[in-house]
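Quick notes on the structure that follows.
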Amino acid sequence: GDSVTQMEGPVTLSEEAFLTINCTYTATGYPSLFWYVQYPGEGLQLLLKATKADDKGSNKGFEATYRKETTSFHLEKGSVQVSDSAVYFCALSGGGADGLTFGKGTHLIIQP
Amino acid sequence: EPEVTQTPSHQVTQMGQEVILRCVPISNHLYFYWYRQILGQKVEFLVSFYNNEISEKSEIFDDQFSVERPDGSNFTLKIRSTKLEDSAMYFCARDFRPGQGTGEQYFGPGTRLTVT
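Chains A and B, in that order, are what the protein sequence lines are. Here the first sequence is numbered in my numbering, starting from 1 and rising by one per residue. Here the second sequence is numbered in my numbering, starting from 1001 and rising by one per residue.
Pasting the structure below:
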């Protein structure tokens, strides 16, 4: 079945550091890929998406590129802020009525 | 567009009791989903609901679970006889587009279920 693998956390960075959170996937067909963010005590929010190979999703300074050849969708941000502290989930979907398949999540801690 | 709303925000129940979790989506959406997240763990798909019928379900969604949309508005998840391991956050989600399943889903705030 489909699966998503993310780098283990927690990831601790200083403010203004460069962020990369790795995500790789296995899936049949051509899934859509997503990053969701969960702030403390809150639900899941869609951060960005990419629906086909070589698409780049971006939002709030975060970016991720759908790499079919490496089956990856790594999340990057050039300069993180304390407010970016949260748990980040990589996910995929085949569309239609398919549920999202999530990775285990990466807890990001940004220190001032 | 507003996200879905869920009630209650927190439900405490005793083992063996039935619980009903509610989700109030925008009425013209056709694709809905339930997920759960055990504390500190990943989000797991339970079931999808398309055009008022179950479309997909995971291994977690066994006979103790059921979903329905009894009045065309509220979308409910029922757990017939709760177990301690059912303690989790339960999220309802809708698809981004009203009549399509794009895979892009928007989540409600969740219901925290505590089974004692």
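Even for Gly, the Cβ is constructed at its ideal location relative to N, Cα and C. On a predicted model such as this, the values are computed, not experimentally measured, just so you know.
Exercise. So, using beta-carbon positions, are alanine 97(A) and serine 1073(B) closer together than 8 Å?
Worked result: Position 97 of the first sequence holds residue 97(A). Position 73 of the second sequence holds residue 1073(B). In this structure, serine 1073(B) does not lie closer than 8 Å to alanine 97(A) by Cβ.
Problem set entry | Bridge partner(s) assigned by DSSP for aspartate 1095(B) | Residue 1095(B) sits at position 95 when you count from the first residue of the second sequence. Its beta-bridge partners are Gln1105(B).
Exercise. Going along chain A in order, which residues have a C-beta closer than 8 Å to the C-beta of proline 1109(B)?
Worked result: For the purposes of this step, residue 1109(B) is taken as residue 109 along the second sequence, with counting starting at 1. By Cβ distance, chain A contributes Glu42 and Gly43.
Exercise. In its own chain, which residues sit with a C-beta less than 7 Å from the C-beta of arginine 1022(B), not counting the 5 before and 5 after it?
Worked result: Walking along the second sequence from the start, residue 1022(B) turns up at place 22. The answer, listed in chain order, is Gln1006, Thr1007, Asn1074 and Thr1076.
For this session: Could you tell me whether any Cβ in chain B is nearer than 8 Å to the Cβ of lysine 56(A)?
Result: On the first sequence, position 56 is the one that residue 56(A) refers to. Chain B, which has no Cβ nearer than 8 Å to the Cβ of lysine 56(A), makes this no.
For this session: May I ask you to report which of helix, strand or coil DSSP gives leucine 1021(B)?
Result: By 1-based counting over the second sequence, the position of residue 1021(B) is 21. In this structure, leucine 1021(B) counts as strand in the three-state DSSP scheme.
Exercise. Which residue's Cα is closest to the Cα of methionine 1089(B): Leu44(A), Thr5(A), Val37(A) and Phe18(A)?
Worked result: The residue given as residue 1089(B) occupies position 89 in the second sequence. Ranking the options by Cα distance to methionine 1089(B), first place goes to Leu44(A).
For this session: Find the residues of chain A that neighbour phenylalanine 1075(B), judging by a C-beta separation of less than 9 Å, and give them in chain order.
Result: On the second sequence, residue 1075(B) is found 75 positions in, with the first residue counted as 1. Simply none; closest approach about 14 Å.
Exercise. Glutamine 1105(B) touches chain A at which residues, Cβ-Cβ below 7 Å?
Worked result: By 1-based counting over the second sequence, the position of residue 1105(B) is 105. Neighbours of glutamine 1105(B) on chain A, chain order: Leu100.
Exercise. For glutamate 1085(B), which three-state DSSP category applies?
Worked result: One-based indexing of the second sequence puts residue 1085(B) at position 85. Helix at glutamate 1085(B).
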